[in-house]
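Numbering (our numbering), first residue to last: 44 to 131.
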């Protein structure tokens with residue numbers, strides 16, 4: 044019994060080291076047990092979480108691209124300002 048728990052903990056830690064992807068949420072399966080939760084409700088919830096994760100990851104990507112664009116513009120501006128001072 045303890046070895047199963049250790050194995051699950053190891054897998055959970057391995058999974059935490061990488062970002063969770065929406066498809067991983069959608070495809071996640073759980074063991075069915077007597078008197079367990081409604082599988083349809085679980086699947087619906089997982090799809091909702093996956094959709095929200097997709098939106099968050101898309102927004103993060105857009106912010107990272109905008110951040111890079113602003114950094115590059117700032118570097119260009121700083122270079123231009125530095126060049127103008129040299130020629131005065």
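Even for Gly, the Cβ is constructed at its ideal location relative to N, Cα and C.
For residue i, three-class secondary structure by DSSP
i: residue 127; result: helix
i: residue 86; result: helix
i: residue 118; result: helix
i: residue 80; result: coil
Between the CA atoms of residue j and residue i - distance to the nearest angstrom
i: residue 119; j: residue 105; result: 21 angstroms
i: residue 112; j: residue 79; result: 50 angstroms
i: residue 87; j: residue 60; result: 26 angstroms
i: residue 69; j: residue 107; result: 26 angstroms
i: residue 81; j: residue 67; result: 20 angstroms
i: residue 74; j: residue 84; result: 14 angstroms
Cβ distance (whole Å) where residue i is taken to contact residue j below 8 angstroms
i: residue 65; j: residue 93; result: 4 angstroms
i: residue 76; j: residue 89; result: Residue 76 to residue 89, Cβ: 17 angstroms. No contact.
Where the alpha helix (DSSP H) through residue i begins and ends
i: residue 67; result: 65-70
Quiz item: Can you find at least 3 beta carbon pairs, one from the segment 121-130 and one from the segment 87-102, that sit closer than 8 angstroms?
Solution: no
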